[in-house]
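Here the protein sequences line up with chains W and Z, keeping their order.
Quick note: the first sequence uses our numbering, first residue 72, plus one each step.
Quick note: the second sequence uses our numbering, first residue 72, plus one each step.
Structure, as structure tokens:
Protein chains: 2
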Amino acid sequence: MAGMADPNQIQQDSKKAGLDALLDLLGDDMTRVNEIILENMQSPVSLIPQLAGHIIAAGGKRLRPLLVLASARLCGAEGERQMALAACVEFIHTATLLHDDVVDESDLRRGQASAKAVWGNQASVLVGDFLFSRSFQLMVADGSLKVLKLLSDTAATLAEGEVHQLMTANDTETNEEAYLEVVRAKTASLFAASCQVGAQVAERPDAEEEALRRFGGALGMAFQLVDDILDYTAEVDPKLGKSVGDDFREGKITLPVILAFERGDETEKAFWRRCLEEQDIRDGDLEQALQLLVRHNALEDAKTRAFAYAGEARAAMEIFPESEIRSALLESVDFCVERLY
Amino acid sequence: MAGMADPNQIQQDSKKAGLDALLDLLGDDMTRVNEIILENMQSPVSLIPQLAGHIIAAGGKRLRPLLVLASARLCGAEGERQMALAACVEFIHTATLLHDDVVDESDLRRGQASAKAVWGNQASVLVGDFLFSRSFQLMVADGSLKVLKLLSDTAATLAEGEVHQLMTANDTETNEEAYLEVVRAKTASLFAASCQVGAQVAERPDAEEEALRRFGGALGMAFQLVDDILDYTAEVDPKLGKSVGDDFREGKITLPVILAFERGDETEKAFWRRCLEEQDIRDGDLEQALQLLVRHNALEDAKTRAFAYAGEARAAMEIFPESEIRSALLESVDFCVERLY
């Protein structure tokens, strides 16, 4: 399973794209965002900074706050509003991760013991609630009802997406449409809002706000599809914190599985049902699943969908004139899909 | 244990006060609030209205929305803003209940099977998140940054209180001060905000806003203290949904226990530690706990504290001229403490 379990592997791009360009351009802003994050996770209730610090220090890519800052820069925003709103978006995301710890019973989160494993379910839920509340306090301090509307709508959509995902779990009859709807709600909506809020801060025309919203949404779709593909093809990566087969063992119904199930015969369908619905998983089943995914071209076709979303994201950038920050945003699209190589 | 485990029982008041006066005066408004609640718990994701409906239909007293409406009426508010904000406060409360289901592993909530028992931990967390987000959408639609600040601050305080409570659980060294701080944060803060928001809607002078805030806060303190006393003295009551000894079995450190522990000798302290810290509870232990609470006057003294808060609440009403709605609010204070008889 090294790298790819897929024989039609696309040639690895020798130029390693990444978030470096964004981080170079926005380093000072990100330093300020990290300070705001640190300041705002404080509380006299000591377990809150302890637990929040654990998950926030684990760090991850800070992709969503980077998108807020980059979009604001692209739109020529001045001032500091975008820093607090970037922190706010990261708090919403972190609250979701903490609540996902309960949801997914995941043992690994970004390569570290999950907060739940260290402090228990109850603390994860409640500290998530605190960070979520804190994110609204940051928005209120910012004072824009437009931003408050965007992010409260997004928070409701995120929760709907998570519940919808819960309803599709272990259900092999889930179709591609339902899967994409879940991804749109639970992942793409916050990417879209992160980019849109940057344009709102800069008070740009609706067309630019809309373009950034489309950029973020398509990037988020690509990002999640790639994540779901990697769950069957990646090696354990300490930066990624996922090991191959997590989704399979949890009975998550993702695009590769949906495609292979639809294309499988009755014996294969019975195999998927036993593993994902009944969660009766035996030695060799993961290898069998990978073989079926390859046989039905399911990983390749899922990748094609991810590339299409990446193309949509790039197209949405066309209304903006060329600039360093625009190039860096385009490179973040490459970063997202090149994780597949 | 019928009624009271306490020999110094205060004479039962023959006049049964209650929420009837509030409900009579505010019935039409409450009907509208219930409609808004129903409308706003809808979602295309069917598990959300199912689960939210389950916990919201279980109903409870709707005390917090009643306080919003009553305070708005007391301050002469016109229009409809208070209806949506009353629904918003109930959503925040309901989200807390759903997350408490995870937290407390409670099997009973208002006499019905808890949402968790029916749908699982994960759904409770996520539907709670949805209702919490929805409450912010309602505030944003209302459009007042003042209200948004009050309620987002309150939401953060609630979460801090819940985490603080988690830290004191099973710790018999918890003192009265820490206990009161937890109650102030996890219960009184939302009562206070419910009353204050009514004054904000009516755009009344700061003195009235402050008086209503003090009224709600003191009422909330009394309410929670009474709840914690009832946990050792009440009979199973289908309306209350609690059975005697729940807190004892969960190792919750409440005021009666704190007082009895402080006043106990080493043998008694060892008993409390075994039951509440080690959670090693044997036949007869609850009866033994009750005897210790009575021997050290712990229930009576906790009641005295509750009555003092009720007195503070009544005093805060003094700046308002006499009126039907003021009398009804004072009766709600009686309702709160008369549950002890």
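Glycine included, every Cβ here is placed at the ideal spot set by N, Cα and C.
Query raised in the report: Is DSSP giving Z/Tyr303 helix, strand or coil here?
Result: helix
**Report entry** Pair within 8 Å by beta-carbon distance, Z/Ala293 and Z/Tyr380
**Finding:** yes
Query raised in the report: Is W/Gly269 closer than 8 Å to W/Ala143 when the C-beta atoms are compared?
Result: yes
Query raised in the report: Could you give the distance in angstroms between the alpha-carbon of Z/Asn241 and the alpha-carbon of Z/Leu229?
Result: 20 Å
Query raised in the report: Under 7 Å Cβ-Cβ, which residues of chain Z neighbour W/Leu109?
Result: Near W/Leu109 there are no residues of chain Z at all, since even the closest Cβ is about 16 Å away, more than 7 Å.
Report task. Kindly list the residues whose CB is nearer than 7 Å to the CB of Z/Asp372, restricted to its own chain and excluding five residues on each side of it in sequence; keep chain order. Result -> Leu330
Query raised in the report: Sorted by chain position, which residues of the same chain lie with C-beta nearer than 8 Å to W/Ala249's C-beta, five sequence neighbours on each side aside?
Result: His235, Thr239
Query raised in the report: Name the chain Z residues whose beta carbon is nearer than 8 Å to that of W/Glu233?
Result: Leu197, Asp200
Query raised in the report: chain Z partners of W/Gln267, CB-CB under 9 Å?
Result: None at all; the shortest Cβ gap to chain Z is about 15 Å.
Query raised in the report: According to DSSP, is W/Met112 helix, strand or coil?
Result: coil
Query raised in the report: Is it true that the CB of Z/Leu261 sits closer than 8 Å to the CB of Z/Asp413?
Result: The question about residue 413 of chain Z has no answer here: the residues shown for chain Z are numbered 72 through 412.
Requested in this report: State buried or exposed for Z/Ser149, treating a residue as buried only when at least 16 other CB atoms are found within 10 Å of its CB.
Outcome: It should be pointed out that residue 149 of chain Z corresponds to Glu in this sequence rather than to Ser. Per the 10 Å Cβ criterion, exposed.
**Report entry** Continuous alpha helix (DSSP H) stretch holding W/Arg200: start and end
**Finding:** It should be pointed out that residue 200 of chain W corresponds to Asp in this sequence rather than to Arg. From DSSP, the alpha helix (DSSP H) with W/Asp200 extends over 192-213.
Query raised in the report: Would DSSP call W/Gln153 helix, strand or coil?
Result: helix
Query raised in the report: Shorter than 8 Å from the beta carbon of W/Leu156 to some beta carbon of chain Z?
Result: no
**Report entry** Cβ shell of W/Asn111 (< 6 Å), same chain only, five flanking positions each side left out
**Finding:** Arg205
Requested in this report: Spatial neighbours of W/Thr350 within its chain, please: CB distance less than 6 Å, with the 5 preceding and 5 following residues excluded, ordered by chain position.
Outcome: The sequence as given places Gln at residue 350 of chain W; Thr does not occur at that position. The answer, listed in chain order, is Gly322.
**Report entry** Nearest candidate by alpha-carbon position, reference Z/Leu282, set Z/Glu106, Z/Gly147, Z/Met101, Z/Ile390
**Finding:** Checking the sequence, you will find Ala at residue 282 of chain Z rather than Leu. Per the Cα distances, Z/Ile390.
Query raised in the report: How far does the alpha helix (DSSP H) with W/Arg410 in it reach, from first residue to last?
Result: W/Arg410 -> no alpha helix (DSSP H), and no H or E assigned at all.
Query - Within the segment 317-354 of chain W, ranges of the alpha helix (DSSP H) (whole runs, at least 4 residues) - result: 317-321, 326-334, 337-343
Query raised in the report: Which residue from Z/Asp171, Z/Trp343, Z/Leu137, Z/Leu96 puts its Cα closest to that of Z/Ala155?
Result: Z/Leu137
Report task. Measure the beta-carbon distance from Z/Gln271 to Z/Ser223 and round it to whole angstroms, keeping in mind my assumption that it falls under 8 Å. Result -> No, Z/Gln271 and Z/Ser223 are not in contact; Cβ-Cβ is about 14 Å, not under 8 Å.
Query - Contacting positions in the segment 320-352 of chain W - beta carbon closer than 8 Å to chain A - result: In the displayed structure, chain A is absent; the protein chains listed are W and Z.
**Report entry** Span of the alpha helix (DSSP H), counted from its first residue to its last, around Z/Glu233
**Finding:** 216-239
**Report entry** Cβ neighbour criterion (16 or more within 10 Å) applied to W/Leu158
**Finding:** Per the sequence presented here, residue 158 of chain W reads as Ala, with Leu not at that position. Buried, by the Cβ-count rule.
Query raised in the report: Of all the options Z/Ile127, Z/Thr102, Z/Asn246, Z/Leu134, which has the alpha carbon lying nearest to the alpha carbon of Z/Gln113?
Result: Z/Ile127
Query - Residues near W/Asp175 in its chain [Cβ-Cβ closer than 6 Å; skip 5 each side] - result: Low confidence applies to W/Asp175: its pLDDT is 46, below 50, so where it sits in the model is not reliable enough to give any reading.
Query raised in the report: Where does W/Ala273 sit, in a helix, a strand or coil, going by DSSP?
Result: coil
Report task. Identify the contact partners of W/Asn368 in chain Z, using a Cβ-Cβ distance below 7 Å as the criterion. Result -> Correct list: empty, because the minimum Cβ distance to chain Z is about 31 Å.
Query raised in the report: What does W/His170 reach in chain Z if we use C-beta pairs closer than 8 Å?
Result: Val196, Leu197, Asp200
Requested in this report: Return the CA-CA distance between Z/His164 and W/Leu122, expressed in angstroms with no decimal places.
Outcome: 24 Å
Query raised in the report: Listed from N- to C-terminal order along the chain, which residues in the segment 112-135 of chain W have their beta-carbon within a distance smaller than 7 Å of any beta-carbon of chain Z?
Result: Ser114, Val116, Leu118, Ile119
**Report entry** Three-way DSSP call (helix, strand, coil) for Z/His367 in this model
**Finding:** coil
Query raised in the report: Hey, does W/Phe203 have any beta-carbon neighbour from chain Z nearer than 8 Å?
Result: yes
Requested in this report: Output yes or no for whether 8 Å exceeds the beta carbon distance between Z/Val404 and Z/Phe378.
Outcome: no
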